[in-house]
Amino acid sequence: MKLILATSLLSLLTPVQSLNNGLGLSPQMGWASWNDCASQVTSSRIKNATLALINTGLAAKGYEYVNVDEGWLKGRSSNGDITVIDEKFPEGMKALGDFIHDHGLKYGLYTSRGTVQCSTAQYNATGSQGYEVQDANWLVSQGMDYLKEDSCGGGPNNPTDAFTDYATMRDALNATGRSVFFSLCGWYTWYAPSGDSLGNSWRISGDGTNWGALTQSINANVELGKYARPGAWNDPDLLVGTGIGSNRGEDKCFDGDTEIPQSSDWYMTNDEQSRAQFTMWCIMSSPLIISANLNQVSEYALETWGNEEAIAVNQHFRTYPEGTSVEDEIYQGIRIFGDDMEYDKSTDKGSGVNVWAKPLEEGKWALVFLNNEDEVGDVTCDSECFEQLYDLDAGVKYTVRDLWEHEDEEEELVADEEGKFEYTAEGLARTGGVKMILLTPVD
Ligand code: GLA
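With our numbering applied, the sequence shown covers 71 to 513.
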């Protein structure tokens, strides 16, 4: 009795240490407005995106969150409640949430942990600093299922300040009683070791607006795999499309079939890079949040994001026997060959090749081969590379399935007489050519 009393007293006195909302057991999937039309977001664009997710079949494949990024929040009323930019969201945020929910999807909203949000020159909108409890309650009253909290306008960008701010919002969300996916947006790798105690995912790098920036996000993720686990994911940023830039000024943000003028750095130079990003995001167990106008992207991009075999690599992982130490549980792919990559959009020059691997159920492994050099080329995983696949069995044959061609290759993967494996992905396109294979042990 005494012990029970002591325990419950302790739980009253101890602050909540984690989000503990049961969400994000696999990386989150959905759509976000930022790379579509940046701060020009409107409720009609969000509704169109909701319908497009459904009409393209992407919603049925797991893309469930519809996230309104910056550009909806105006300021505060005299009682401190959030106010909305009426001209862009005339029916209010609750009605928009109802629309999304009525279509079977989930509703994401955005704020910042600072005193102002990021595109302040345009909107001068307030952040949540000092208003966390009030904002969490208000946002939940609008039907929010997902909160992205940015870092603009905050105090110094150091772990002490940032973690205090994020913990305040985490506790405010917990206190609402609604399970809200909490997405931290802080741009640094130092979030990763503490990420799981603060939110469901945390940004690890700056804005990934084009393949150059995204190669940096991939490089940054190499060392962070050990921090990813169900409920807690490294976030190398949104999925970027081709041809649909956006941004920074009304004249650059179009509806309909108009040809889209590009901002200088806000898009992929070709469809292959968009596919390379998606393939890497799948093997890295990264959030799959599409950020482009789905009514305007190419068929190729829709095919890319809709590849269910690739999505399965992202959403699934090995189950580990009870008692396995946390360090031995791998939920995010690891780089098993290659060095950091670079890409300069202005010269269209790239460098680096990578091979990544992710353990899946039943002894399966997914592998990604990425050529980021300037020439078409082969990428090989040699025996040293394969040795990192800790339970590959030299006595077993593996079928090799090409997850973009959707077919099994004729030759199985078999160890040589010394028990060593090797595999070459041939003829990969330059600066972002990928191949993804699934190895399945044959009984
Ligand atoms: C930051 C974030 C982006 C986006 C913008 C909004 O740059 O990293 O993802 O939310 O702010 O202004």
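Positions of the beta carbon are idealized from the N, C-alpha and C atoms, including for glycine.
Q.
Can you tell me whether residue 219 sits near the ligand GLA, meaning its C-beta is under 7 Å from at least one heavy atom of the ligand?
A. Flag unset: Cβ of residue 219 not near the ligand GLA.
Q. Would you say residue 222 touches the ligand SAM, meaning its beta carbon is less than 7 Å from a heavy atom?
A. As for the ligand SAM, it is missing from this structure, which binds only the ligand GLA.
Q: Pair every Cβ in the stretch 406–413 with every Cβ in the stretch 360–371, then say whether three or more of these pairs are closer than 8 Å.
A: By the Cβ rule, the stretch 406–413 does not count as touching the stretch 360–371, because fewer than three pairs are nearer than 8 Å.
Q. To which residues of the same chain is residue 207 closer than 7 Å at the C-beta, ignoring the five residues directly before and after it?
A. 246
Q. Cβ of residue 255 within 7 Å of any heavy atom in the ligand GLA?
A. yes
(Q) Please classify residue 369 as buried or exposed, where buried requires at least 16 neighbouring CB atoms within 10 angstroms. (A) exposed
Q) Which residue or residues does DSSP assign as beta-bridge partners of residue 252? A) For residue 252, the beta-bridge partners assigned by DSSP are 217.
(Q) Spatial neighbours of residue 238 within its chain, please: C-beta separation below 7 Å, excluding the five flanking residues on both sides. (A) 202
Q. For the stretch 84–160, which segments carrying the alpha helix (DSSP H) assignment without a break, of at least 4 residues, lie completely within its bounds, in sequence order?
A. 104–107 and 113–125
Q.
Using the Cβ count rule (16 or more neighbours within 10 Å means buried), how would you classify residue 502?
A. buried
Q: To the nearest angstrom, report how far apart residue 346 and residue 284 are at their CA atoms.
A: Distance between the alpha carbons of residue 346 and residue 284 is about 10 Å.
Q) Are residue 309 and residue 351 closer than 8 Å when you measure CB to CB? A) Residue 309 is a Cβ neighbour of residue 351, given a cutoff of 8 Å.
Q | Pick from 233, 427 and 505 that is closest to residue 477, judged by C-alpha positions | A | 505
Q. Under the criterion of a Cβ to heavy atom distance below 7 Å, does residue 272 qualify as lining the ligand GLA?
A. no
Q | Secondary structure of residue 308, DSSP reduced to three states | A | Residue 308: coil per DSSP, three-state reduction.
Q: Taking residue 120 and residue 170 to be in contact with their CB atoms under 8 Å, please state how far apart those CB atoms are, rounded to whole angstroms.
A: 5 Å
Q.
Residues in the same chain with beta-carbon distance under 7 Å from residue 154, minus the five sequence neighbours each way, listed in chain order, please.
A. 142, 143, 144, 162 and 163
Q) Out of curiosity, what's the CA-to-CA distance linking residue 123 and residue 117? A) In this structure, the CA atom of residue 123 is about 10 Å from the CA atom of residue 117.
(Q) Measuring straight from C-alpha to C-alpha, what distance separates residue 176 and residue 380? (A) 23 Å
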